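Numbering (this note's numbering), first residue to last: 263 to 383.
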Amino acid sequence: MRRLAEWYLPTDVELSVPAARIALWYNYRRQIESFFKLLKAAGHQLECWEQETGPALFRRVLIATQACVLAWRPMRETGEQTVRTREVLVRLSGRQMKRTRPVTAPVLLEVCSSASAYGAS
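Encoded structure:
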């Protein structure tokens, strides 16, 4: 297999931990940061929520998380049916997309968020 790049990941983890495991941890961290980015910016505006009780905030985070999971799956899959599903979801959103980027996670999140909130009420 041809090596495309050489990566250096600075860490303070013991040398006995395999590099592949450290890379996997970085991958998990990137996914978590992407999740919070979706919660903060893509239609949910997490920082603007004015929930006054813990249970109310918990319910809202659950609904937002469900929407993120629903949006994330079609963004990652590559099958023909998934491509068609993404196209339908973009049309449902009403947004106009660039030809170079016909689908984005925020668009899918917007549609899935609406569906999640509707189902939870």
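Note that beta-carbon positions come from the ideal geometry of N, C-alpha and C, so glycine has one too. Just so it is clear, the structure is predicted and the values come from calculations on it, not from any experiment.
Item                                                                                                                   : Value
How many whole angstroms separate the CB atoms of E216 and K302, which I take to be in contact at a CB cut-off of 8 Å? : Since the first residue of the chain shown is 263 and the last is 383, residue 216 is not available in this structure.
What's the C-alpha gap between P280 and Y290?                                                                          : 16 Å
Look up K386 in the DSSP assignment and say whether it is helix, strand or coil.                                       : The question about residue 386 has no answer, for the chain in this structure spans 263 to 383.
Rounded C-beta distance between V345 and V369? I'm assuming under 8 Å.                                                 : That belief does not hold up - the Cβ atoms of V345 and V369 are roughly 14 Å apart, past 8 Å.
Locate the alpha helix (DSSP H) running through S355, then write down its first and last residues.                     : E342 to S355
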